[in-house]
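Asks: The sequence shown stops at residue 298 when you use UniProt numbering, and every number in between is there.
The beta carbon of each residue, even a glycine, is placed where N, CA and C say it ideally should be.
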Amino acid sequence: MTDTEIEITADLVRDLLQEQHPDLAGLAIREVAGGWGNQMWRLGDELAVRMQRMDPTPELQLKERRWLPVLAPRLPLPVPTPVRFGEPSERFPKHWTVMTWVPGEPLDHGSISRGVHAADTLAGFLQALHVEAPADAPIATDRGAHPRNCTDGFENFFQAVALDDIAADVRAVWDDAVAAHAWEGPPVWVHGDLHPANVVVSDGTLSGIVDFGGMFAGDPAWDLAAAWVLLPAGTASRFFEMYAQADEAAIRRARGLAAMKSLFLMLMGQNGDRGLPGGKPNWGPAGRAALDRVLKGV
Numbered sequence: 001m002t003d004t005e006i007e008i009t010a011d012l013v014r015d016l017l018q019e020q021h022p023d024l025a026g027l028a029i030r031e032v033a034g035g036w037g038n039q040m041w042r043l044g045d046e047l048a049v050r051m052q053r054m055d056p057t058p059e060l061q062l063k064e065r066r067w068l069p070v071l072a073p074r075l076p077l078p079v080p081t082p083v084r085f086g087e088p089s090e091r092f093p094k095h096w097t098v099m100t101w102v103p104g105e106p107l108d109h110g111s112i113s114r115g116v117h118a119a120d121t122l123a124g125f126l127q128a129l130h131v132e133a134p135a136d137a138p139i140a141t142d143r144g145a146h147p148r149n150c151t152d153g154f155e156n157f158f159q160a161v162a163l164d165d166i167a168a169d170v171r172a173v174w175d176d177a178v179a180a181h182a183w184e185g186p187p188v189w190v191h192g193d194l195h196p197a198n199v200v201v202s203d204g205t206l207s208g209i210v211d212f213g214g215m216f217a218g219d220p221a222w223d224l225a226a227a228w229v230l231l232p233a234g235t236a237s238r239f240f241e242m243y244a245q246a247d248e249a250a251i252r253r254a255r256g257l258a259a260m261k262s263l264f265l266m267l268m269g270q271n272g273d274r275g276l277p278g279g280k281p282n283w284g285p286a287g288r289a290a291l292d293r294v295l296k297g298v
């Protein structure tokens, strides 16, 4: 059985805790649905165990271990913070981390009914996150570039998703982003992967942000795309008004990146409908709704 085929069970999680953090081994353990690169298990009421599964390297977990304790204290929403480290062993030759649990329902299984509140909340969170990053902050390897350097990815998604009568409009949004000026400020902290499975909602609004494995120092437009990817129709303008740090070029880049992210969600939905590994059937409708918001620009 290869590393990627190791079956992660509640018994395995408990055995690992008993070996490395025995004071936590008596807490209730229950699986959290979803997850691909990492698998999550609830640990009691306030903790979770993040198990490296399909991620080929521990880089994303190690990044969270290093930087989330630095970022979390100044962020206005709950984020998962590492509290214990699990090291590779004969029982499980990969990394695992015990983190604080962020309560709420993932947006890909929930909804936002308080759109203005959510827009204000997201704007406040990103204002707090988007500060100049230190020189040793991680640099993006597969995201974070200007849209003009992401055309291959966009084209792959664009060709894979049947857009029919809106194809020309989607390409126009992308071409406008490609033509926008580049980010000229210092690299700032960027979450980098804000999509419906990586935020949680409670009481009809945003209540937490999770999965910082993709964070990097760079162009904030990658996060500003969330104005369309996450928020309900008609609230993007409110978001940018409250964020108050995005110039016209940043908004154009963000809108194009939102189009690309929407296509990715739609493709993952298609893969789910076809029963392909990693596919998420419920992401398809979410991606199409986000793309509709992108095209309306509001």
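First and last residue of the alpha helix (DSSP H) that includes R66?
Replies: 59 to 71
Asks: Since G104 and G208 should fall inside the 8 angstroms C-beta cutoff, what is the C-beta to C-beta distance between them, to a whole number of angstroms?
Replies: 5 angstroms
Asks: On a Cα-Cα basis, can you pick out the residue from A123, P80, P69, P285 that is closest to N198?
Replies: P80
Asks: Using only the alpha-carbon positions, how far apart do L231 and P22 sit?
Replies: 42 angstroms
Asks: Which value, in whole angstroms, describes the spacing of the CA atoms of R148 and Q52?
Replies: 32 angstroms
Asks: Taking DSSP as the reference, what is the three-state secondary structure of S89?
Replies: coil
Asks: Please name the residue, chosen from H195, P93, A28, R114, that lies closest to T57 on a Cα-to-Cα basis.
Replies: Of the listed residues, the one whose Cα sits closest to T57 is P93.
Asks: Label P285 either buried or exposed according to how many other C-beta atoms from any shown protein chain fall within 10 Å of its C-beta, with 16 as the threshold for buried.
Replies: exposed
Asks: Taking DSSP as the reference, what is the three-state secondary structure of A286?
Replies: Three-state DSSP puts A286 in a helix.
Asks: Quick one: what does DSSP say S113 is sitting in, helix, strand or coil?
Replies: coil
Asks: Relative to the C-alpha of V200, which residue among A10, N38, P78, T9 is closest?
Replies: P78
Asks: For M99, which three-state DSSP category applies?
Replies: Three-state result, M99: strand.
Asks: Of the choices M54, R84, E64, G144, whose alpha-carbon is the least far from that of Q20?
Replies: R84
Asks: For G287 and L267, what's the separation of their Cα atoms in angstroms?
Replies: 8 angstroms
Asks: When DSSP labels each residue in this structure, what does T205 get in the three-state scheme?
Replies: In this structure, DSSP gives T205 an extended state, which the three-state scheme calls strand.
Asks: In this structure, does DSSP put G26 in helix, strand or coil?
Replies: Judged by DSSP in its simplified three-state form, G26 adopts coil rather than helix or strand.
Asks: Taking just the CA atoms, how far does L17 sit from G44?
Replies: 13 angstroms
Asks: One question on the structure: do E132 and V188 come within less than 7 angstroms of each other, judged by their Cβ atoms?
Replies: yes
Asks: Mind checking which residues open and close the alpha helix (DSSP H) that includes N156?
Replies: 151 to 160
Asks: Expressed to the nearest angstrom, what Euclidean distance is found between the alpha-carbon atoms of H181 and L257?
Replies: 14 angstroms
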